[in-house]
Amino acid sequence: MVAKKTREDKSIVSPGTALARWTDPFSISRQFDRLFEEFRRSFDDLLSPFFPMTHIIEEETALPTRYATVDLIDNGDSYTVTAELPGFNKDMVDVQVTKDGVTIRAERREEKEEKRKNYLHRERAYSKMQRFIAFPEEVLPAKAEGSMKDGVLELKIPKKEPKAAESPHKVELK
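The opening residue of the sequence shown carries number 0 in our numbering; numbering runs sequentially from there.
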């Protein structure tokens, strides 16, 4: 009688495996950004002998795209929203509050004009950011207050019906 050999498949799970890498929902986006940025740089280096000034112009006229970091704090009777908006002042920021959430938009345009001999040199830059933060409970949009200082936006938005802190109820088992 011949004994059959069976193959035993083993998979080893270690830190840094595919499952661990996917815990951050934006990691794939950042990986693609890095990949395409490396590709763009390589392509620019390849073409730089033919277009020597292109990268200088792009670097001077581009404003970075920002993704504002936002904190949402539950104060019991209200929410406090803090958003970091570096490079923006209060005139560049639009805040819209609804009963369900808050939309923060910021937009910045820059124009630089320089006159020389017989020509006009003009550069433009543009940066825009938008975030929506949903509230777990309904709020009173008309009573929302906000301020902005040193690129930090702070909003205080009262809740419609603040919930009292609930204490747990012990269930007697029979």
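Even for Gly, the Cβ is constructed at its ideal location relative to N, Cα and C.
Owing to the predicted nature of the structure, the values given are computational and were not obtained by experimental measurement.
{"Item": "F87 by DSSP, collapsed to three states: which one?", "Value": "coil"}
{"Item": "Classify E137 as helix, strand or coil using the three-state DSSP reduction.", "Value": "coil"}
{"Item": "DSSP state of L154, grouped into three classes?", "Value": "strand"}
{"Item": "Do you know whose CA, among R29, R104, G145, R39, lies nearest Q127's CA?", "Value": "Gln is not the amino acid found at residue 127; the sequence shown has Lys there. K127 has its Cα closest to that of R104, out of R29, R104, G145, R39."}
{"Item": "Starting from E106, follow its DSSP beta bridges and name the residues at the other end.", "Value": "K127"}
{"Item": "What residue does the beta strand (DSSP E) around L172 start on, and which one ends it?", "Value": "That residue, L172, is in no beta strand (DSSP E); it is neither H nor E in DSSP."}
{"Item": "Across the region 71–90 and the region 145–155, are there enough close Cβ pairs to call them in contact, namely three or more that are closer than 8 Å?", "Value": "yes"}
{"Item": "Kindly indicate which three-state DSSP category E37 falls into: helix, strand or coil?", "Value": "helix"}
{"Item": "Where does D73 sit, in a helix, a strand or coil, going by DSSP?", "Value": "strand"}
{"Item": "Tell me the residue span of the beta strand (DSSP E) that contains E144.", "Value": "144–148"}
{"Item": "Compute the Euclidean distance between the alpha carbons of D73 and S146, then round it to the nearest angstrom.", "Value": "18 Å"}
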